[in-house]
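Engineer: When we follow my numbering, the leftmost residue of the sequence shown carries the number 1, and every step to the right adds one. First the structure, then my questions, so here it is.
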Amino acid sequence: MSNPQQLRYSKEHEWLSAAEDGVSTVGITEFAANALGDVVFAQLPEVGDTVAAGETCGELESTKSVSDLYSPVSGEVTEINQDVVDDPSLVNSAPYEGGWLFKVRVSAAPDDLLSADEYAALSGN
């Protein structure tokens, strides 16, 4: 399992892309997707919602459990991935590509986001 080097990671197992025009993409890591098991339902924030770094903003339900979704940054949600709402298994099959969850116009990012190597050390992968 490899964590893409260009992303930043939260201790809650979310990933964040570099901002393009102030907007970053958020998803969960492959490690988190594997730990969850088969994702069968995704409750994502709504476009226009304000999310806060480290706060819950949705849920992912799997055959094993329901897990809170945390935002790694603060800002306004600009887009959700409707494909994941329609087919939540994308979170498992393509966590870093088609299984992204939402996009956010970042207003503040915490200082404790991890590099790929730091996240690998934290998650043991």
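We put the beta carbon where it would ideally sit given N, CA and C, even for glycine. This one's a predicted model, so the numbers in the text were calculated from it and none came from an experiment.
What number of angstroms, rounded off, separates the C-alpha of Ser93 from the C-alpha of Leu60?
Structural biologist: In a straight line, the C-alpha of Ser93 is about 15 Å away from that of Leu60.
Engineer: Cβ atoms of Thr29 and Pro95: under 8 Å apart, would you say?
Structural biologist: Cβ distance < 8 Å, so Pro95 and Thr29 count as in contact.
Engineer: Here's a check: name, in chain order, each residue in its chain whose Cβ is nearer than 8 Å to the Cβ of Gly27, leaving out the five neighbours to either side.
Structural biologist: For Gly27, where only same-chain residues beyond five positions count, the Cβ hits under 8 Å are Glu14, Trp15, Val91, Pro95, Tyr96, Gly99, Trp100, Leu101.
Engineer: Just verifying my parser: in three-state terms, what is the DSSP assignment at Ser93?
Structural biologist: It is helical.
Engineer: So does the stretch 16-23 actually touch the stretch 31-41, counting three or more Cβ pairs closer than 8 Å?
Structural biologist: With the cut-off at 8 Å, the stretch 16-23 and the stretch 31-41 do not touch.
Engineer: In this structure, what does DSSP give as the bridge partners for Trp15?
Structural biologist: Trp15 is bridged to Tyr9, Gly27.
Engineer: Suppose the cutoff is 6 Å on Cβ atoms and the five residues either side in sequence are ignored; what does the same chain contact list for Val66 look like?
Structural biologist: Excluding sequence neighbours, Val66 sits near Glu59.
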